[in-house]
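**Student:** Okay, handing you the structure first.
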Amino acid sequence: VQLQASGGGLVQAGGSLRLSCAASGSTFSINAIGWYRQAPGKQRELVAAIRSGGSTNYAESVKGRFTISRDNAKNTVYLQMNSLKPEDTAVYYCNANSPRLAYWGQGTLVTVSS
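Per this note's numbering, residue 1020 is the first one in the sequence shown, and the count goes up by one each step.
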């Protein structure tokens, strides 16, 4: 499985961005895709995840502001980020889990200016 993340950039506080994670390869084996982020000097943390059955979960810090969704026809998962805050600044990574393996895409940088 290969994951291609895109959509990062520079935005002012209060603004919005949409990240995309396009999956290719043996996507039938994937049972969940998530977005993680890592800010400078901090550990990588789960932001949001969506499972094959459609259930989702979010970090408390982004609930009500971020929405994860997917387009099965395009094998793409999106992270819509609204009301962005400077503390959302981080490199965002998409991750896919299969029963045996975890896959990571390259990161995409999100910078939120105050």
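Each residue gets a CB set at the ideal place from its N, CA and C atoms; glycine is no exception.
Predicted model only: the values in this text are computed from it and were never measured.
For LYS1091, which of helix, strand or coil comes out of DSSP?
**Tutor:** Note on residue identity: the sequence assigns Asn, not Lys, to residue 1091. It is helical.
**Student:** Which residue spans inside the segment 1020 to 1108 form an unbroken beta strand (DSSP E) run of at least 3?
**Tutor:** The segment 1020 to 1108 contains these whole beta strand (DSSP E) runs: 1021 to 1025, 1028 to 1031, 1036 to 1043, 1051 to 1057, 1064 to 1070, 1075 to 1077, 1085 to 1090, 1095 to 1100.
**Student:** Quick one, which of LEU1128, SER1132, ALA1115, THR1127 has its alpha-carbon nearest GLY1044's?
**Tutor:** Checking every option, the nearest Cα to that of GLY1044 belongs to ALA1115.
**Student:** Is it buried or exposed, ASP1107, if we count other Cβ atoms within 10 angstroms and call 16 or more buried?
**Tutor:** By the 10 Å Cβ count, ASP1107 comes out buried.
**Student:** Would you check if the segment 1086 to 1094 and the segment 1109 to 1124 touch, i.e. whether three or more CB-CB distances between them fall below 8 Å?
**Tutor:** Because the criterion of three Cβ pairs below 8 Å is not met, the segment 1109 to 1124 and the segment 1086 to 1094 do not touch.
**Student:** Out of ALA1109, ALA1042, GLY1083, point me to the one whose CA is closest to VAL1020's CA.
**Tutor:** Nearest C-alpha to VAL1020: ALA1042.
**Student:** Would you grab the beta carbon distance between LEU1098 and LEU1038 for me? Rounded to a whole angstrom, and I think it's under 8 Å.
**Tutor:** Confirmed, about 4 Å.
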